[in-house]
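Asks: Once you know that position 361 of the sequence shown is 370 in this note's numbering, the rest is easy, because the numbers rise by one and skip nothing.
Got a structure for you, questions after.
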Amino acid sequence: SIIRAAVDLRVDILTMDIAHSLRGVTSAMKAAMDAVQAGSARRVMVAAAERRIPAPNSDFEAIFGDGAAALLIGDSDVAVDIEGSYHLSSEFVDVWRRPEDSYMQTWEERFIREEGYLKILPQAVAALLKKHQLSPTDIAKAAFYGPDARTHATMARAMGLDAKTQVQSPMFDSVGNAGAALAPMILVAALEEAKPGDRILYAAYGDGADAFLLRVTEQIEKVRDRRGIKRHLESKLMLPSYGKYVEMRELMEGEAGRRPARRSSLPVIWRERQHLFALYGQKCRACGNIQYPRQRICIYCQAKDNFELIRLSDKRGKVFTFSMDERAMEVVLPKVFTVVDLDEGGRFYSVMTDRDTSKIEVGMPVEMTFRIQLEGSGLHNYFWRVRQIRG
């Protein structure tokens, strides 16, 4: 529901959370595919995100990464046809975290690799190929989950694939193991390079396995110029230190400033939900100027109660002025406050994130990004920040 509100979709749509499984996204993808085929929906957005917390100085800490991806399943003008799928359920447990656990738990590496991943996923893939009377040589590119780089390569060989030409990079050296989000991220990376007619094998693992057979269509050219995986990786920033990573993960407490406790208010969030989540401002019907936040009097022509709503979350702008606060309650200091002139009119005051302070300047192009603004009164408080345009 938070995603629905942020992207400003209608309220009369079905939203659903599927969690607690590495293949939750492929389970959601199958449900979306069935809904579209049955005619109960024309389009379904499947979004996956993962942020797994590894124990400090553990093997997981070296390979885990954060990630997210979204796919749109529809009934027309599709860039990729879903030709078929195969699904396998298994009670095999390899990685888990109980509600009372702070970190991921696992069993002996060889056991979980050879009795779980390397047996279960190949079964699903082999059954899918047999079902469609195909062989591994018919696959142009394979995009599938793996726990680490070595095991991922072993899986490619087990499935009869050429690791150099048929397997999409799992990005362990640039992203890490992003859990449930890893498989769709690898798929997006594969589609960025795919050609019409290519057949793609897409598979995820966890409590069983899901495998999909995809066929790229001519419509892929219409979505080619997206930010995707490649351009996001090209524009990523590095954390300044391991200490900042530990602090951002809340693995240790930093020095607390002498500040009042952060508070929040559910009535305020509910009352202002349209302006907080979808970032609606207002446009004066008398003079045409845009302003945010909403108010009864136009600051330009003083017209009263004569506004129409306008969404600002999809607008870009340029930095008009900015300041940096070295004493703010922020993990990565300084906290950068910015005033942005939006390209289509209006001025927006916000915090800048994902930034290199040495490169911030007046006139810098920026875009909106939806983030947790603060945590107060036991609540996540979401709002829009600005960042330098990525990619």
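Where is the CB? At the ideal position from N, CA and C, for every residue including glycine.
Just so you know, these numbers come straight off a predicted model, no measurement behind them.
1. Go ahead and pull the three-state DSSP assignment for residue 181.
2. Could you give the residue range of the beta strand (DSSP E) that holds residue 202?
3. Assign residue 129 to buried or exposed, taking buried as 16 or more other Cβ atoms, counted over all protein chains shown, within 10 Å of its Cβ.
4. Using the rule of at least 16 other Cβ atoms within 10 Å of the residue's Cβ for burial, across every protein chain shown, is residue 102 buried or exposed?
5. Between residue 150 and residue 203, is the Cβ-Cβ spacing less than 8 Å?
6. Which one or two residues does DSSP pair with residue 330 in a beta bridge?
7. Give the range of the alpha helix (DSSP H) segment to which residue 374 is assigned.
8. Going by DSSP, which residues form a beta bridge with residue 53?
9. Return the Cβ separation of residue 38 and residue 82 in integer angstroms, given the expectation that the two are a contact with Cβ distance under 8 Å.
10. Considering only residues of the same chain and omitting the five flanking positions on each side of residue 170, which have a CB-CB separation below 6 Å?
11. Suppose only complete runs of 3+ residues qualify. What are the beta strand (DSSP E) ranges in the region 127–167, listed by chain order?
12. By a C-beta neighbour count over all protein chains shown, 10 Å radius and 16 as the cutoff for buried, is residue 205 buried or exposed?
13. Which residue from 97, 374 and 62 puts its Cα closest to that of residue 326?
14. To which residues does DSSP link residue 116 through a beta bridge?
15. Can you give the beta carbon distance from residue 288 to residue 321, rounded, assuming they're within the 8 Å contact cut?
16. For residue 218, which option in 302, 35, 335 and 52 has the closest C-alpha, if you only look at C-alpha atoms?
Replies: Reading off the structure:
1. Mapped onto the sequence shown, residue 181 falls at position 172. Coil.
2. The residue labelled residue 202 in the question sits at position 193 within the sequence shown. From DSSP, residue 202 is part of no beta strand (DSSP E) but of the alpha helix (DSSP H) over 191–202.
3. Here residue 129 refers to the residue found at position 120 when the sequence shown is read from its first residue. Flag for residue 129 reads buried.
4. Counting from 1 along the sequence shown, the entry for residue 102 is found at position 93. With fewer than 16 other Cβ atoms within 10 Å, it is exposed.
5. Taking the sequence shown and counting its residues from 1, one reaches residue 150 at position 141. Taking the sequence shown and counting its residues from 1, one reaches residue 203 at position 194. Closer than 8 Å, so yes.
6. Taking the first residue of the sequence shown as 1, we reach residue 330 at position 321. DSSP, once it has assigned bridges, lists 348 as partnering residue 330.
7. For the purposes of this step, residue 374 is taken as residue 365 along the sequence shown, with counting starting at 1. Per DSSP, residue 374 belongs to no alpha helix (DSSP H); it is in the beta strand (DSSP E), 374–385.
8. For the purposes of this step, residue 53 is taken as residue 44 along the sequence shown, with counting starting at 1. Its beta-bridge partners are 82.
9. By one-based count along the sequence shown, residue 38 stands at place 29. By one-based count along the sequence shown, residue 82 stands at place 73. Indeed, because the Cβ distance is near 7 Å, the residues count as touching under 8 Å.
10. Position 161 of the sequence shown, counted from the start, is the residue given in the question as residue 170. The answer, listed in chain order, is 145, 151 and 176.
11. Qualifying beta strand (DSSP E) stretches, in chain order: 150–153.
12. The residue you call residue 205 lines up with position 196 of the sequence shown. Result: exposed.
13. Looking up residue 326 in the sequence shown gives position 317. Here the closest residue by C-alpha is 374.
14. Locating residue 116 in the sequence shown gives position 107, counting from the first residue. In DSSP, residue 116 forms no bridge with anything.
15. The residue you call residue 288 lines up with position 279 of the sequence shown. The residue you call residue 321 lines up with position 312 of the sequence shown. Going by Cβ atoms, the distance from residue 288 to residue 321 rounds to 5 Å, so yes, they are a contact pair.
16. Residue mapping note: residue 218 aligns to position 209 of the sequence shown, counting from 1. Out of 302, 35, 335 and 52, 35 has the C-alpha closest to the C-alpha of residue 218.
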